[in-house]
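Chains as they are written, first to last, in the numbering used here: chain A, 1 to 227; chain B, 1001 to 1227.
Encoded as structure tokens, the structure appears first; notes follow it.
There are 2 protein chains.
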Amino acid sequence: MTAVTRRERVEQKERAILEAAAHAFVESGYDGARMADIAKRAGVAEGTVYLYFKTKTDLMRAFVADFWGDLTQRAEQAVADKGETFEALAALAAMHLQNLIERFDVVELTQSGRVRRGDTPGNREFMKAYVAVFDRIWRRGMDRGELIDTAIHWQARDIFFGSLEYAARTIRLHSDRTQGSVVDNLIETLKQRYAVLPDQKPSTQKSERLLQRLEAAVTRLEKTPNR
Amino acid sequence: MTAVTRRERVEQKERAILEAAAHAFVESGYDGARMADIAKRAGVAEGTVYLYFKTKTDLMRAFVADFWGDLTQRAEQAVADKGETFEALAALAAMHLQNLIERFDVVELTQSGRVRRGDTPGNREFMKAYVAVFDRIWRRGMDRGELIDTAIHWQARDIFFGSLEYAARTIRLHSDRTQGSVVDNLIETLKQRYAVLPDQKPSTQKSERLLQRLEAAVTRLEKTPNR
DNA sequence: CATTATTTACAAGTCAAGCTCATTTTGCGA
DNA sequence: TCGCAAAATGAGCTTGACTTGTAAATAATG
Chain A
1 MTAVTRRERV EQKERAILEA AAHAFVESGY DGARMADIAK RAGVAEGTVY LYFKTKTDLM
61 RAFVADFWGD LTQRAEQAVA DKGETFEALA ALAAMHLQNL IERFDVVELT QSGRVRRGDT
121 PGNREFMKAY VAVFDRIWRR GMDRGELIDT AIHWQARDIF FGSLEYAART IRLHSDRTQG
181 SVVDNLIETL KQRYAVLPDQ KPSTQKSERL LQRLEAAVTR LEKTPNR
Chain B
1001 MTAVTRRERV EQKERAILEA AAHAFVESGY DGARMADIAK RAGVAEGTVY LYFKTKTDLM
1061 RAFVADFWGD LTQRAEQAVA DKGETFEALA ALAAMHLQNL IERFDVVELT QSGRVRRGDT
1121 PGNREFMKAY VAVFDRIWRR GMDRGELIDT AIHWQARDIF FGSLEYAART IRLHSDRTQG
1181 SVVDNLIETL KQRYAVLPDQ KPSTQKSERL LQRLEAAVTR LEKTPNR
């Protein structure tokens, strides 16, 4: 672990501080976290922390940025092999909901993100890359004609992320409610609203096939002499 | 407005403090607000504030409770004369979105709500009465058969409030995006997913149920060896 | 290697803000 | 007018983020 160059040693220390900060923030929330504790846990004097991060807010920002970076990577992975639009959306939704539930504290940190007036107005920069995963799926769906051309991108996106966030809250509050059905419901909802040929053709085909089968069966039964 | 009884004077002072606090919180956010300023604005010594509200957190809680109480009243009013389910939902959505946009700071205060670990876990109690407005509409819609009977109440609710909140953020960020279309889109989405359709659908649903029944029966028959 | 320069680390100290408490003021009944 | 409890006060206390003067470690130079 012993680094050689100055640069490496500095980076190593920065990571140590960030890690300690992550621990503290998750453990106690933003306000609850003590800079003194973070310093101690990182094996560093309190003043040193301020050489690496100008303020506590900065430290949190770095932590949150890391977090969303991670999520983005995982999201891209989860979506990578999904071809059809709603399949990809379902995969993304499932992953997103999972993460929301598991790490809700961090997500809340992001959003409330120290809103001392005039303090870092654009705190949700981190989410941009994350949200872009959705955007890519959506745009591709439009290009392929799998989505109706009157769909308004950002409204669909707000429904997607908004309802998932609220669902995560609900599920956390009432542990009896399941996540699977939330994703199914959301995707079904989006499908009925935004999919081209929402359901009609397939179901019609299906019922026609079924009718044929029923007819054949009944015909057969009719041929069988009653006893 | 000089009060007479002791009780009245006390209540008047409490209101003055709350009002000053509201001003400070909206102006500067929770962290930015200074107890000293609040005291001064209420025309009271700093120590006095603590006779009425144990902590700063308490003060914010009272403020937020007031806020949601107000909203609830307005929501009930907005919905009162709407008969049909989706008409009522549209009215509620429009009002909610309007409030979210205008007073987003307060709403964010509610949610981030000082999450010092172990500090007042149920901070969103205030919203209960508010959310109940939605619940009433929904339940009535179910009773009247205007909503499909497979609808899961809380999931619909999460879509409703979740997407509105996200839409509010989006609209605040990009002032070019209009609120009217958001409400329309949301209601349309919910309708397509949850409404029992007036003309065709009921019979279709019915025949689909019938088909299922027939299919099951025939499957059973098919398995039975011919006699 | 010795010396100087620069970067990195430290911890004692400053400051601001929430909150406490000993003391004073107020208002009401007798 | 007196007594007394309720209400109010504001000078401190405490805590925690941040500063800063000083020292150690490392690199550059001759």
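Glycine included, each C-beta is placed from N, C-alpha and C at the ideal position.
- Proximity of chain B to Q192 (chain A) at the Cβ level (cut-off 9 Å) is accounted for by T1189, Q1192, R1193, in chain order.
- Under the Cβ criterion of 8 Å, W138 (chain A) is not counted among the residues facing chain B.
- One thing to note: E146 (chain A) has its Cβ no nearer than 8 Å to the Cβ of T189 (chain A).
- In the displayed model, A151 (chain A) falls within coil according to three-state DSSP, outside both helix and strand.
- Taking the Cα positions, A1020 (chain B) is about 25 Å away from H1096 (chain B).
- Between A93 (chain A) and F160 (chain A), the CB-CB gap stays under 8 Å.
- For A1167 (chain B), the chain A residues whose C-beta falls within less than 9 Å of its own C-beta are W154, Q155, D158, I159, G162, listed in chain order.
- Beta-bridge partners of A1195 (chain B) (DSSP): B:L1147.
- Nearest neighbour of W138 (chain A) by Cα position, chosen from A:R74, A:D31, A:A195, A:A78, turns out to be A:A195.
- Between the beta-carbon of D1066 (chain B) and that of L1018 (chain B) there is about 7 Å, and that keeps the pair under the 8 Å contact cut.
- In the structure shown, F1053 (chain B) falls within a coil segment according to DSSP collapsed to helix, strand and coil.
- Straight-line spacing of the CA atoms in D1070 (chain B) and E14 (chain A) works out to 48 Å.
- Residues of chain B whose Cβ lies closer than 9 Å to the Cβ of T110 (chain A) do not exist; the shortest such Cβ separation is about 10 Å.
- By alpha-carbon distance to Q77 (chain A), the top candidate from A:L164, A:F134, A:R9 is A:F134.
- Residues of chain A whose Cβ lies closer than 8 Å to the Cβ of R1177 (chain B) are, in chain order, W154.
- In this structure, R1193 (chain B) places its C-beta atom within 8 Å of the C-beta atom of Q192 (chain A).
- The C-beta of N1099 (chain B) comes no closer than 8 Å to any C-beta of chain A.
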